[in-house]
Structure formats: C-alpha cells, structure tokens
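Number of protein chains: 2
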Amino acid sequence: MSNPAHRCLRIHPTDNVAIVVNPGGLPAGTKLEDGLTLTEDIPQGHKVALAPLAAGDAVRRYGVVIGNAVDALPAGSWVNEQRLTLPAAASLKQCARGPASAVDPTPIHGHTFQGYRNPDGSVGTRNILAISTTVQCVAGVVDHAVQRIRRELLPRFPNVDDVVALEHSYGCGIAIDVPDAAIPIRTLRNLARNPNFGGEVMVVSLGCEKLQPTRLLGPGKIPIRAVSTHRPPPDADGVDVVCLQDESHVGFESMIDSIMVTAQAHLSRLNQRHRETCPASALVVGVQCGGSDAFSGITANPAVGVMSDLLVAAGATVLFSETTEVRDAVAQLVTRAATTQVADDIVNQLAWYDAYLARGGADRSANTTPGNKRGGLANIVEKAMGSVAKSGSAPILGVLAPGESLRDKGIERGLVFAATPASDFICGTLQLAAGMNLHVFTTGRGTPYGLAQCPVVKVATRTDLARRWHDLMDWNAGRILDEGLTLQQAGEELFRLLLEVASGKRTWAEHWKLSNELVLFDPAPVT
Amino acid sequence: MSNPAHRCLRIHPTDNVAIVVNPGGLPAGTKLEDGLTLTEDIPQGHKVALAPLAAGDAVRRYGVVIGNAVDALPAGSWVNEQRLTLPAAASLKQCARGPASAVDPTPIHGHTFQGYRNPDGSVGTRNILAISTTVQCVAGVVDHAVQRIRRELLPRFPNVDDVVALEHSYGCGIAIDVPDAAIPIRTLRNLARNPNFGGEVMVVSLGCEKLQPTRLLGPGKIPIRAVSTHRPPPDADGVDVVCLQDESHVGFESMIDSIMVTAQAHLSRLNQRHRETCPASALVVGVQCGGSDAFSGITANPAVGVMSDLLVAAGATVLFSETTEVRDAVAQLVTRAATTQVADDIVNQLAWYDAYLARGGADRSANTTPGNKRGGLANIVEKAMGSVAKSGSAPILGVLAPGESLRDKGIERGLVFAATPASDFICGTLQLAAGMNLHVFTTGRGTPYGLAQCPVVKVATRTDLARRWHDLMDWNAGRILDEGLTLQQAGEELFRLLLEVASGKRTWAEHWKLSNELVLFDPAPVT
Chain A
0 MSNPAHRCLR IHPTDNVAIV VNPGGLPAGT KLEDGLTLTE DIPQGHKVAL APLAAGDAVR
60 RYGVVIGNAV DALPAGSWVN EQRLTLPAAA SLKQCARGPA SAVDPTPIHG HTFQGYRNPD
120 GSVGTRNILA ISTTVQCVAG VVDHAVQRIR RELLPRFPNV DDVVALEHSY GCGIAIDVPD
180 AAIPIRTLRN LARNPNFGGE VMVVSLGCEK LQPTRLLGPG KIPIRAVSTH RPPPDADGVD
240 VVCLQDESHV GFESMIDSIM VTAQAHLSRL NQRHRETCPA SALVVGVQCG GSDAFSGITA
300 NPAVGVMSDL LVAAGATVLF SETTEVRDAV AQLVTRAATT QVADDIVNQL AWYDAYLARG
360 GADRSANTTP GNKRGGLANI VEKAMGSVAK SGSAPILGVL APGESLRDKG IERGLVFAAT
420 PASDFICGTL QLAAGMNLHV FTTGRGTPYG LAQCPVVKVA TRTDLARRWH DLMDWNAGRI
480 LDEGLTLQQA GEELFRLLLE VASGKRTWAE HWKLSNELVL FDPAPVT
Chain B
0 MSNPAHRCLR IHPTDNVAIV VNPGGLPAGT KLEDGLTLTE DIPQGHKVAL APLAAGDAVR
60 RYGVVIGNAV DALPAGSWVN EQRLTLPAAA SLKQCARGPA SAVDPTPIHG HTFQGYRNPD
120 GSVGTRNILA ISTTVQCVAG VVDHAVQRIR RELLPRFPNV DDVVALEHSY GCGIAIDVPD
180 AAIPIRTLRN LARNPNFGGE VMVVSLGCEK LQPTRLLGPG KIPIRAVSTH RPPPDADGVD
240 VVCLQDESHV GFESMIDSIM VTAQAHLSRL NQRHRETCPA SALVVGVQCG GSDAFSGITA
300 NPAVGVMSDL LVAAGATVLF SETTEVRDAV AQLVTRAATT QVADDIVNQL AWYDAYLARG
360 GADRSANTTP GNKRGGLANI VEKAMGSVAK SGSAPILGVL APGESLRDKG IERGLVFAAT
420 PASDFICGTL QLAAGMNLHV FTTGRGTPYG LAQCPVVKVA TRTDLARRWH DLMDWNAGRI
480 LDEGLTLQQA GEELFRLLLE VASGKRTWAE HWKLSNELVL FDPAPVT
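Chains A and B supply the protein sequences, listed in that same order.
When the letters of the first sequence are read in order and numbered with numbering that gives the first Met the number 0, they come out as residues 0 to 526.
When the letters of the second sequence are read in order and numbered with numbering that gives the first Met the number 0, they come out as residues 0 to 526.
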C-alpha cells in the first residue's frame, strides 16, 4: 500500500526520473503514490527511474538529457552517477543566436532600503574602510595595524561598520606582463572601489613589488605618499598610499603609525555618512551556490531565481556566475541574451574557459564534488541545470569578464552574467570586484561561508540542514517541500529579507564574524 | 683627486663592471681610487663600466656574462638594465653531467641547540599545534576556534608556543584529478607533518569538499571523526578529524566545541614536551631571498652561503630553492651535483618549470621586479648569480620536487635543491612542507616577511636598511662592507645566531607576531 509520506518529486513533465524527498531516503520495496515500487534503497536527493531504461536510453531531468543509462535498469531503480554517462558538452560554435526569447519582467515600484549613498551614484549596504594592498609582503604589518585600528580608532567612529584589509597572494613573484595578468590586476583595482567602501581608497604598498600602486590604481590616479607626521590633502585624483620601504619610515611602529594616521582621515569621512532611503534598484546582488545537492535545483535555486526576477523588476542588478555550472545551459543562456552582442559575449566567455581548462588537462566535468554526488547530483549537467535556476527568467543584459566591474562596462541594471570560476571564494571575490553590495549563497550540504566586505545571506535547500545549522543559515528553502510554500512566495520572502539585510540587519555570518579570505583568479603562471 | 670614501666593488677578477657602494650613489665626475672617472650619476648598487664597451660586448659580473652592451659605452658609464641585453637561457639538454666537482666540507662537531625531539626522529625549533584544513570553506569557523583556543586553552599549556591554522585556498573548486594536482595535495599533507608541529596532526574538514581527509592524509592514515562530547583514543594510524557537516553538529557552537575538545587533547600531549640538547645536524634550514638588490649577491647571500656550508659541515640539512633564480646558474649546479642522478633531477626540475612558464606565455625573465632594477639588478642573470650564492659551495645531495618532503625522499642531511617558485610565500610554504624547521631570508629592499609556523631570521644586505628597519631585521650583512667583516666571519656569526633562534630566541617577526599566509603552488586550473 502506498504511503503519501513517501515522496518523490518530478521536476518537468518529460522527466523519466524523480528525486527522493524523504530525509533518510526510502528503502527497497517502498510503494510510491503512482504505484511505482522501489527496487533498491535510494538515499534522499537521489534519483529513481520512473520507467524502465534500456542501456543507452536518455535520462531526463529538468526536461533535459542529463546522461544516458550505462546498463538497462528496471523502473524503481536508483539512477546514480555510476549508472549514467556524461553527455558531451554542447558545441559553442553551433549555438543559436536568434532574437532574445526572454521577456522583461513587469516593473515593480516602491521597494526601498536604507543604504549609504556614494559620490559615484552607487550605494553601500555597509560602511566599511577597506585597506588595499599591492602585495602579500605587507600583510603581516597591515594585519597588525587593522587590529590596532579596530581597538583604538573604530570606537571613535561609530557610523563605520568595520575596517578590512584586502589581502591576496598576488603582487610579486608573478608574470605580470602576460595577457592573463590583466585579470588579477583589474580585480584588485575594482575591489577597492566596491560600493560598500564608500569611495575611500587607501593602499599599503611595500615599494619593490611588481604590482606598483600606479599599476594597481590604473590610469588617472595619482598615488600620494603618506608619512606618519604629515599628509597632504587628497585631491580629486589622489589616492593615499603608505609605502613601507619609504625612507621616512624608521622602525616598525612608524609604519603602523603611517597606516593609522592615514586610516583615521578616511574613517572620519566615512563616519559622516548615514543610512538614507534608497530605491531597491541600487542593489547589486551576486548569487552563488556551494555544497550543492539535488534539492539545490528544486528549492533554493529556483526560489533565488524568483527573487532575482523580482530584483530585476525593481530595477536592481543581479550577477550570476560560475562558468562551469552554466556551461551545459548554454542553449538557454544564448536564447535569453538581450542582444546578439550579449549572446556572443556569453559564448566567448564559455569558450575562453573551455580553453583554460583544456590547457590544464581538465574539462567541465572536474567541477562536481564528492558531496555533490553523495547529495544526488550525478554529474555536471545535472548540477548545471540546478545551478542556472538562480538566474531566474529575465533577459541577460550584459556580460562581465573575470574581474571587470559593472561601472567600467556602463551596466546600471538588470541580469548580468559575471563570468567566474565556480570556486566559492574566487566567485565571491570577482562578484565583489564587479560591484556586488549584497550576496546570496545557497547550499545543500552546508557551508559557513562569509565575506568581510559584504553581507552574505545563506539559504539552505533542506529543512534538516536549516534545523541543524540554525545559527548559520539565514533562510530555509526546505519549507518549499515541507510547508508547501510556493516558489513565488519563497522568492518574495527572500526579496524582503534582502531589503532588510541591505538596511543593516545582520546575517548569521556577520553575527559570528565569520569570513573567508579573498581569492584572486590568476590564470597566469607564478615565477 | 680620488677619494677612498668613494667605493666601487668588483666581485671577480674578470669582471668589467663594478658596483657603487656609497649610500646615495656617486655623482658624475667622481674619481675612483684606480683613476676611473664616472661619466654620469650612478645610484647605489648600480654598475659602472670599468673599461670602454663596444656595442655587443659582453658585460661580466661574478665572472659570468650577465648580458651584452646595447650601444657603445665609455669607461665610467652607468651600465643599467636599458643598456644590457638578456642572454638566452642556457640549454638544459647540453648540460655537462660529469662527476661532481664540489668537495664535502670538512665535518665540524660539537654544535648543539635546545630543541623539541619528535617521535619520528625530527626536531622542532618551536612547539606549535597546527590545525590542518581540507578546504577554505572551514576557515571562518577555524579562525574563530583558534582565537578561543589562544584565549582559553593556551594559557593552561605553557610549554606550547602557539596554535596556528594551516589555511589555504585549495580543497574545492579545483581540478583535483589532473596530474599537477599532486603538488598542492602533497604540500598540504607534508605541511601537517612539519617538525615544529610535534607529530600532532588534527584536521578540520567541511564534508563535501573535493579534498577529502583521506586524500589529504594519504595512504595508511585513518580519519577518526571527533564529536563534541566523546572522542575515541587515537591509535597509531588514526588522525583526528572534525567534520563540520557531521550530523552530530547542531549549531555553530557545537562545531567550535568539537574543535576545542580535539585541540585540547593535542595541546596536553604537546605540553608534556620540553627542550632538550640536540645536535646542529637536526636543523633543516630553508634559505630564501626577497626584495633583492645588487648587494644581495655581495653581502647577505654569500654570507648565507658560508653559513650553509657550516650547517652542511655540522651534518644539518640546507634547502635552497627559487627555480627561476637558479635557472641561469644551471652549469654551476650540475657540476656541484653529488651524483648524475641528482644532476638529472636538477635539470628535470628546471625543464619542468621552463615548460610551465612557457604554457603561460612567460619565461625566466618575468622574475625581476621594479625594486630589483631600482636596486641595481639589471636582469635575471645578474639576479640569479647573486641568489644562488646562498647555496654556498657544498655538493648538492638531493632534489625535491615542489611539495615533496625530505622524509618521503629519505634525505637526512646535506645541501638539497628544493625546487619551488621564487614567490616568497610559495617558496616558504613549500620549504615548510619539505620539513624546514628554521628559515633564513635575505633582503636588500626590505620586507617584513614572517611565518607563523617557523622562525624566520631576516638578514639585511645594507647597513642603511638594517638601521632604518632596526626592529624588523635580525642581522646586518652590511657590516661586510662597512666594518670589514669577512664573509667567513659573517657566516659564522649567522650560524651561531641560528643555533640561538633554534633554541628559542625570538626573531623580530615573532616579537611583533608578523606572519604571512601560506600560499600553495597549484599549477592546475580552478573550476
């Protein structure tokens, strides 16, 4: 006798597999509502064959072929990663680049948040002093200074949320003149200009490094050397640079003094800012997933997709990324491109990444993790179809290459493909460089991911994870399965939560002060 | 009239350039002791032509050709990087691989230090609890735990120097199955076994990452899952692993509790250790230079070379590295190899790196920095000849590929070429993985470099730097120029300083708690 508590979920009417919903999975012999009996134990999140499969038969989920059966399987079988072949990657040369099929969402109005307006028109969701660094050599000194700034200066500037060092392993010991070096350099330049830093750029440099301050800052910016006792007033194009090898520095503490004096001037300007009512269109939301499972594509990611459509409807900007996780959705992306130029840009970014992986002896299939597979994701096609759901259904208005910023490309709203590796930390770093002021991160297996530069709203795909990680997950998309929340309702709740977090509500990662290091994408060799 | 205070230094009798010694350089018109008059201003550390040069003439320093004159230059001219061509790299195929020409230094006896003996026979110079991590995802949680361990546990274990997290950007979002992935994986495995960590390995894992604990730990090691309330006693092959995604963890603080309970068991074992008299042969000294100038090859590096020969004579192990900085000294290295196998291993490492750089569109010339050039180093040949001086004159007994350890290769003493990139932080990380328990770092431009895992003795090449950075530089090799200290005396002083630091004397970096992050060498692509 079938038991309605035994649940399997088919995503698309043409699918011939469904996903086991029950925590703990379902045992062999379980009879499902439609009369199908499981022929073996199937873990939660994994796939059951809804019909008999012959060897070579296409296995469909999300309405697309995610692989072919290796051997014949009766209905009720467990369709796992051992029993599926990986389809070849879609050709990028033969992508249809016809007129856009996606329709602009109907605009919505009146949604606001309390943000920090910046001189360049962007808006911060936090008010942070960022200290840029040209090279890792200075990190020990900068860390020491940041601790003292937090202890001695920050209490005097209560409107400033934090001071963070933008540290990284780039800057020296690298091949700075090869073409690929443009990626880490522009990433660092654009990181310094993230909206959450209020336009206050200051740099700590060693002096002899390859990435000189002028090269970090780019054309038109003039480094102004700071000294401990006297600092010339910054002019419009000047940027304060503390250079540790400057001859004016005698002893370690004079270096620390220079950094603190410089930081104090920036803190006092940041402290004069206050939150103002800003339209939701000022949000730049980066969406990402990590530690995905089979529910990522059923609950959290589609809910984020609805949220993304709402943001776009409100005039905001949404960045979706993770190149290897959208590679298999290229047909969908190209038809959603607003213009043929955007379609070409998407294809070019995917092709560049194919070549980058091939140069290192890898391809897109290197993406999936042991946890993905334990969670029910058989291969990168199945993972990609779930991952791309975060982008919703809006037209794609623009494309950023790794490390590029919205500002440099003149993009002011809408859905944007920010091409980045799927590595959580590299993706987050590149989305920060793009101009992200709010981050949404979905996870099925669970990750304590956080960034010091930007609030991260973490969304659990399953109630079990949300329950166990009750003080790490900010929102539970498992309610879509457990409480009958519709995707529309879920997306609207998330949208409202974003406006609260943008206005200052602290995320769990902020509560515990959990943050991960920035990681640059550097495809060039080290020396 | 010539002034003996105006000093230029010729390194080798066949050289046709000399180096300006005077701080501030020497002005045009300066008459040197040998009657030569400078035709233009020459900065300190830069080269003066001792004889007229025709276009195309070889320019010799260290007795080797460091380049050819671009145009004709009169005697007394400034020979800078604009006026020199870069010679082609020596062919690796035609290297002479004859019998070793280097002679074992005469053994010296009786030198000891106070160290921590480890179960595997190695000796620590510090007594540190290291927490290994499989993936950056756990870093925020581990950082939080480390702060609490330092605050709440460490005061109860006074014989333990510190607790450090071995954090990195590897572990997920990477192509873990390509051949090059072996490098970062073995690096992390060997880092955990550094002699300064007392054989106490503990790991924090997320759960779903690509670098699973079994893969990090390698064959024969059994991960033992730690829980907050109960922990089975570790057996000989067991390694404590705290896995954040374990279902036993409910809430953030249960993760922290697990880490702290596990750490406490390791701290209590480490705390039972005490310093004992150990022979100098237990030292494993990694030598490195960074922020080099023209004096690096005259003062600090040759002094370190004498120190290196003394260490080898005392039966210790010396690691020299920085592949692009020894590439142009291949002829010297091959003739110093103790066996043809070692010579072949050296050539293979250099050839591998040539190919790695070429794959990324670079070559060895990408190594030199703006600071090197300002400091007088015209190109990588000149830099390499100064850099390789750190290796002294002993025979080369072995070669480590990046990330390999002395233990795995069965090397117990002598001079070893540990092939690493020249990037300071990658080199330091790989030398730690090799088994380094003491680090010597020379600098001409100045760097506050430090590692949390191992003491770093920093050596200044010039008195001016040593004076200004009086509380960052541990030893001043500028005394070789200013006080007439011989290289032998300098090497002996450094050798004695090493024994003191190995015995617990704190370096300046330790005094200020300055440390840089570990940086892995990962030639494989990210995904």
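Beta carbons: idealized from backbone N, C-alpha and C, even for Gly.
Amino acids of chain B, ordered along the chain, whose beta-carbon sits closer than 8 Å to that of residue i
i, result
"Y448/A", "C136, G139"
"D179/A", "G359, G360"
"P369/A", "C207, E208, K209, Q211"
"F424/A", "Q135, S168, G172"
"A523/A", "G359, G360, A361"
Partner residues on chain B for residue i, Cβ-Cβ distance less than 7 Å
i, result
"H108/A", "Neighbours of H108/A on chain B: none; closest Cβ ~38 Å, over 7 Å."
"Q244/A", "R444, G445"
"D176/A", "A365"
Distance between beta carbons of residue j and residue i, contact taken as under 8 Å
i, j, result
"P212/B", "D521/B", "Actually they do not touch by this definition, with Cβ atoms about 19 Å apart."
"A393/B", "G375/B", "Not quite, the Cβ-Cβ distance comes to about 28 Å (not below 8 Å), so this is no contact."
"A365/B", "A489/B", "Between A489/B and A365/B the Cβ distance is about 32 Å, and since that is not below 8 Å, they are no contact."
"A585/A", "V177/B", "Residue 585/A falls outside the range modelled here, since chain A spans only 0 to 526, and no answer is possible."
"V329/A", "C94/A", "6 Å"
"D463/A", "P22/A", "5 Å"
"S320/A", "A400/A", "That pair is no contact at about 12 Å."
"A17/A", "L25/A", "With 8 Å as the limit, A17/A and L25/A do not qualify as a contact, their Cβ atoms being about 11 Å apart."
"V203/A", "A191/A", "Incorrect: roughly 12 Å between the Cβ atoms, too far for contact."
"S422/B", "V525/A", "5 Å"
"T441/A", "S295/A", "6 Å"
"L83/A", "V69/A", "7 Å"
"R326/B", "R358/B", "Contact doesn't hold; Cβ gap of about 16 Å is too wide."
Environment of residue i [buried if 16+ CB atoms lie within 10 Å]
i, result
"N189/A", "buried"
"R444/B", "buried"
"S227/A", "Residue confidence for S227/A is low, a pLDDT of 43 falling below 50, so the modelled location carries little weight; the figure read from the coordinates is stated next. The residue in question, S227/A, is buried, as its Cβ has 16 or more Cβ neighbours within 10 Å."
"G62/A", "exposed"
"S540/A", "The question about residue 540/A has no answer here: the residues shown for chain A are numbered 0 through 526."
"T132/A", "buried"
"R125/A", "buried"
"G409/A", "exposed"
"L149/A", "Correcting the residue type first, residue 149/A is Arg in the shown sequence and not Leu. Its Cβ having fewer than 16 others within 10 Å, R149/A is exposed."
"N378/B", "buried"
"S76/A", "buried"
Collapsed DSSP secondary structure at residue i in the structure displayed
i, result
"L513/B", "coil"
"I395/B", "strand"
"C533/A", "A query on residue 533/A cannot be resolved here, the shown segment of chain A reaching from 0 to 526 and no further."
"A4/A", "coil"
"I173/A", "strand"
"V249/A", "coil"
"F156/B", "coil"
Contact with chain D by residue i, beta-carbon distance below 8 Å
i, result
"N366/B", "Considering every chain present, this structure includes no chain D. Its protein chains are A and B."
Partner residues on chain A for residue i, Cβ-Cβ distance less than 8 Å
i, result
"T526/B", "T323, L356, A361, R363, A365, N366, P420, A421, S422"
"V518/B", "Q135, S168"
"R527/B", "Residue 527/B is absent from the structure shown; chain B starts at 0 and stops at 526."
Beta-carbon neighbours of residue i, restricted to chain A and to distances below 7 Å
i, result
"D470/B", "G250, F251"
"L513/B", "G139, V140, H143"
"D344/B", "None at all; the shortest Cβ gap to chain A is about 21 Å."
Within chain B, partners of residue i - CB distance below 9 Å
i, result
"Q430/A", "Simply none; closest approach about 14 Å."
Within chain A, partners of residue i - CB distance below 9 Å
i, result
"G290/B", "C136, C171, L205, G206, C207, E208, Q244"
In chain order, each alpha helix (DSSP H) run of at least 4 residues that lies wholly inside the segment 275-348 of chain A: 299-312, 329-335
Start-end ranges of the beta strand (DSSP E) lying completely within the segment 48-132 of chain B, minimum 3 residues: 57-60, 63-67, 111-116, 127-132
Quick one: which unbroken beta strand (DSSP E) runs of 3-plus residues sit fully inside the segment 427-507 of chain B? Chain order, please. 437-442, 455-459
At 3 residues or longer, what runs of the beta strand (DSSP E) sit wholly inside the segment 7-53 of chain B? 16-19, 46-48
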